[in-house]
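Residue numbers (our numbering): 248 to 340.
Even glycine gets a Cβ: it sits at the ideal position worked out from N, Cα and C.
In this text, all values refer to a predicted model and were calculated from it rather than measured experimentally.
Below is one structure, written out as C-alpha cells, with a few remarks after it.
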C-alpha cells in the first residue's frame, strides 16, 4: 500500500496544499525530515510538527477509502507488536 500512495503522491502534486500551522496559524516553519515523500516541518512559533505541504482532502479520501487500506487496519488492530516501535518513533519527534 505504501508504494501505491507514493506513486499517487508523486504523480499528483496538484493534490497538495501548502498550509500554515493548524495550532497557532503562523506561516513560519523549519524543515525537520522527509519520510515517504512527505515533508515534516516544525512551527517556529509553537513547535507543532506537521506535514507541509499536505495532501488535499480529495487525495486523502481517495487513499483511505480503498479496500486494501481498510483491510490492513483491521489486521493491524489485532496485532499489538507494532505499538512499541510506533511509540519509539514518536519519541524521536
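query                                                                                                                                                                          : result
Checking 9 angstroms against the spacing of the C-beta atoms, do residue 301 and residue 273 come in under that value?                                                         : no
Give the DSSP-derived three-state secondary structure of residue 333 in the structure shown.                                                                                   : helix
If you draw a straight line from the alpha carbon of residue 310 to that of residue 303, how long is it in whole angstroms?                                                    : 11 angstroms
Determine the contact status of residue 297 and residue 266, defining contact as a CB-CB distance below 9 angstroms.                                                           : yes
Using the Cα positions of residue 314 and residue 287, report the straight-line distance between them to the nearest angstrom.                                                 : 27 angstroms
Can you tell me which of the three DSSP states residue 251 falls into?                                                                                                         : Summary for residue 251: the model assigns pLDDT 46, below 50, so the residue's position carries little reliability; its value from the coordinates is reported in the next sentence. Helix.
Helix, strand or coil for residue 301 per DSSP?                                                                                                                                : strand
Opposite residue 264 in the DSSP bridges: which residues?                                                                                                                      : 301
Can you find the residues in the same chain that come closer than 7 angstroms, C-beta to C-beta, to residue 299, ignoring five residues on each side of it along the sequence? : 265, 266, 276, 286, 288
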